[in-house]
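Right, one structure below, let's go through it.
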Amino acid sequence: MNASTQDLSFSATVEGGAGGSRLPALNDWVAQVAALTRPAAIHWCDGSDAENEALTARMLADGTLHKLNEETHPGSYLHRSHPDDVARVEHLTFVCTTHHEDAGPNNNWMAPEEGHAEMDALFDGCMQGRTMYVIPYCMGPIDSPLSRCGVEITDSPYVVANMRIMTRMGAPALARIEREGTFVKGLHSIGELDPNRRFIMHFPEELTIKSYGSGYGGNALLGKKCHALRIASHQAKSEGWLAEHMLILGIENPQGETHYVAAAFPSACGKTNLAMLIPPEGYRNAGWKVWTIGDDICWMRPGADGRLYAINPEAGFFGVAPGTSRNSNANALASIQSSTIFTNVGVTADNQPWWEGLENGQTPVIDWRGNPYDPAKGPAAHPNSRFTVSAKQCPSYSPMAEDPQGVPISAIVFGGRRASLVPLVFEARDWTHGVLVGAAMGSETTAAATGAVGVMRRDPMAMKPFCGYNFADYFSHWLSFDKEGAQLPKVFHVNWFRKGDNGKFLWPGFGDNLRVLEWMIQRVKGEADAVETPIGALPAEGALNLDGITLDEEAKAKLFGFDRAAWEAEFASIGEYLDEYGPRMPQALKDEQQRIAGL
Ligand code: GTP
Ligand code: SPV
Ligand code: MN
1 MNASTQDLSF SATVEGGAGG SRLPALNDWV AQVAALTRPA AIHWCDGSDA ENEALTARML
61 ADGTLHKLNE ETHPGSYLHR SHPDDVARVE HLTFVCTTHH EDAGPNNNWM APEEGHAEMD
121 ALFDGCMQGR TMYVIPYCMG PIDSPLSRCG VEITDSPYVV ANMRIMTRMG APALARIERE
181 GTFVKGLHSI GELDPNRRFI MHFPEELTIK SYGSGYGGNA LLGKKCHALR IASHQAKSEG
241 WLAEHMLILG IENPQGETHY VAAAFPSACG KTNLAMLIPP EGYRNAGWKV WTIGDDICWM
301 RPGADGRLYA INPEAGFFGV APGTSRNSNA NALASIQSST IFTNVGVTAD NQPWWEGLEN
361 GQTPVIDWRG NPYDPAKGPA AHPNSRFTVS AKQCPSYSPM AEDPQGVPIS AIVFGGRRAS
421 LVPLVFEARD WTHGVLVGAA MGSETTAAAT GAVGVMRRDP MAMKPFCGYN FADYFSHWLS
481 FDKEGAQLPK VFHVNWFRKG DNGKFLWPGF GDNLRVLEWM IQRVKGEADA VETPIGALPA
541 EGALNLDGIT LDEEAKAKLF GFDRAAWEAE FASIGEYLDE YGPRMPQALK DEQQRIAGL
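Letter 237 of the sequence shown, counting from 1, is numbered 237 in full-length UniProt numbering, and no numbers are missing.
As structure tokens, then:
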């Protein structure tokens, strides 16, 4: 934005915190934004309880939040978004780099000047009569060298309340920003919530984000997908690290050893569930424990010993509500009993939050739109309804999640929703093959983004909607980690979603996924058997513990088998996909595809 000096004379009431910062660059930017958007007041967020209480009171008064049953869900609220604003909007999300090629065919692109002009026209005067909130935040532990800071300016108090849970927000973040002098600039306004006046634009070369017209999740909480993935992936490429759409968990065996695993699954494909896994009874009794580090985003970089060290840049969970139950994810359910913001769920007669698959014996009376619940009109909770909760409320949250050095990663897992073809688990033979396994990932689309659901699309490393630069360069970057002295994790692929001829899932999933993780860790330690196939190593018969579960012959064949003809067709399609990126696609990856394509 090019605000003139004259514009800067614009004045608004300033409230909150110190009412400014010690960093002239930040003060100038806030003044420029105020001059453009013309808010009635500017509020510098300090992240305090008092500030949160005042904001909550404001949102209760204007209907942004509804108080839920204080006895069953203390300190918890329901927010109903605009019914046309319930998910990320990938067709309205842009990466604005100087050269079109740098954004790649995987992104919508606009020239930076054009993007700024388009956005600034929307922002012009958009905050009149509203308060503009200035949110300093830190992605990652406040004292970690791997963490990065940003400032989000927004006119949505709902965004402030969510950012307070999802990031380390307020005074400590501002202090770090003042010390470092650099920060990602995120400008957000809900605008008119008009889908025809909605854009999410990224200017990675300027560490800048502009988002207009949506109040929802990944469109509006700019620390999350916009900063921690799109901008951060771009930074990570030039600085030698990785910003990934991955959960991080620790698996403690009965001997007390903990191995950390990072796993990339596309949106609504099981990251939160795996991150909070509760071991099956037999494992629990034997002393296995699972520790949650993060459920959505992972920043990793090589440590002095050559291993990859990972932090979770987030401080909370923005999780999918439907399907969350005591049986599927007891840790998530325990986390959200208090101090939680629910978005677009239904409510019961006694004002408790409700969603499909909650399975607690209750029934909804009001749907997510605020209308009387009528099953003929669709589900009570929107399929992409969410809870926002502090990670500290999760019973399995690991103390290591706060470690500034991060945790060493033993295995990287890629996975998608594949009803057919893809077996339960296989292991890549080396790093290059692992990068191809990630690059070739496919998954059926979900309700996390607007558009058709259940359509198979390529979603490399679960980053299709989130990589801030050309996928061809991204794969080169991944390949570059294989160098002298590196102690890289093993790479695996999983599919919890394989279906039988009757259309039902063949694998029990959830807690039983620990069986698959156990096999991976045994492979890392060189202790489990596998069968080599062209697509990778599959568990040998008996190598993956199936005690206590029954799988019929169809399930065993499909979960642990390798269908040569079908994979030949898949590899032909992977080859075509890599070719879409032209000569920028690394030759090493094309060679790897060719090596396997003949099967
Ligand atoms: P985002 O927050 O959108 O990135 O999603 P996520 O990857 O964290 O997905 P989440 O764990 O919330 O799971 C989404 C849906 O998948 C829920 O309805 C879960 O019940 C379902 N799911 C998760 N794990 C499994 C599994 O092992 N098997 C089956 N069948 N379903 C699962
Ligand atoms: C996802 O869609 O991958 C999410 C939710 O985690 S959002 O924050 O909206 O991106
Ligand atoms: Mn996600």
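Virtual Cβ for every residue (Gly too), placed ideally from N, Cα, C.
Within the model, the alpha-carbon separation for T340 versus A572 is close to 47 Å.
For K558, the enclosing alpha helix (DSSP H) starts and ends at E553 to F560.
Not one heavy atom of the ligand MN sits closer than 7 Å to the Cβ of D591. Here Q405 is not near S335, since their CB atoms are 8 Å or more apart. A447 has its alpha-carbon roughly 21 Å from the corresponding atom of M276.
For Q32 and G47, the gap between their C-alpha atoms comes out near 23 Å. For A232, the distance from the CB to the nearest heavy atom of the ligand SPV is not below 7 Å.
For L26, no beta strand (DSSP E) run applies; the uninterrupted alpha helix (DSSP H) run containing it begins and ends at P24 to T37, by DSSP.
Contact annotation: V422 and R498 have beta-carbon atoms nearer than 8 Å. The ligand SPV has no heavy atom closer than 7 Å to the beta-carbon of R38. Check the Cα spacing between T56 and each of G451, A161, S410 and T324: the tightest is with A161. For L308, no alpha helix (DSSP H) run applies; the uninterrupted beta strand (DSSP E) run containing it begins and ends at L308 to I311, by DSSP. Under the three-state reduction of DSSP output, P364 falls in the strand class. By the C-beta criterion, the stretch 450-457 is judged not to be in contact with the stretch 218-231, since fewer than 3 inter-stretch pairs fall below 8 Å. G170 and P372 have their C-alpha atoms some 39 Å from each other. Positions of the beta strand (DSSP E) runs, each at least 3 residues long and wholly inside the stretch 244-296, are given as 246-252, 258-264 and 289-294 in order along the chain. In the three-state DSSP reduction, F510 falls in the helix class (H, G or I). Boundaries around L187 are those of the beta strand (DSSP E), V184 to S189, since no alpha helix (DSSP H) includes it.
Comparing alpha-carbon positions, the option among R418, C126 and A175 lying closest to D155 turns out to be C126.
Non-local C-beta neighbours of K67 in its own chain, meaning closer than 7 Å and more than five positions away in sequence, comprise L60 and Y77, ordered along the chain. In the DSSP annotation of this structure, the continuous segment of the alpha helix (DSSP H) that includes T432 starts and ends at W431 to A439. For A537, the enclosing beta strand (DSSP E) covers residues G536 to P539.
Across the set W567, P586 and R584, the C-alpha of W567 shows the shortest separation from the C-alpha of A597. Not one heavy atom of the ligand MN sits closer than 7 Å to the Cβ of D459. Every beta strand (DSSP E) of 3 residues or more that sits fully in the stretch 368-408 is shown, in chain order, as 386-390. With a 10 Å radius around the Cβ and a threshold of 16 neighbouring Cβ atoms, L599 comes out exposed. Per DSSP, L78 is one residue of the beta strand (DSSP E) stretching across Y77 to H79. Sorting W241, I135 and V290 by C-alpha distance to the C-alpha of D482 places W241 at the top. With a 10 Å radius around the Cβ and a threshold of 16 neighbouring Cβ atoms, Q593 comes out buried.
Annotation for V134: no alpha helix (DSSP H) segment contains it, though the beta strand (DSSP E) segment containing it runs T131 to M139. Under the three-state reduction of DSSP output, K525 falls in the coil class, being neither helix nor strand. DSSP places W567 in the uninterrupted alpha helix (DSSP H) bounded by R564 to D579. Distance between D85 and L65, taken at the CA atoms: about 16 Å. For A321, no beta strand (DSSP E) encloses it, and the DSSP letter there is neither H nor E. Scanning its chain for C-beta atoms nearer than 7 Å, with the 5 sequence neighbours on each side dropped, one finds around V494 the residues V413, G415, L424, V425 and V516, in chain order.
Those residues whose C-beta sits under 6 Å from the nearest heavy atom of the ligand SPV are, from N- to C-terminal order along the chain, R88, G217, G218, K224, K225, S267, D296, F318 and A448.
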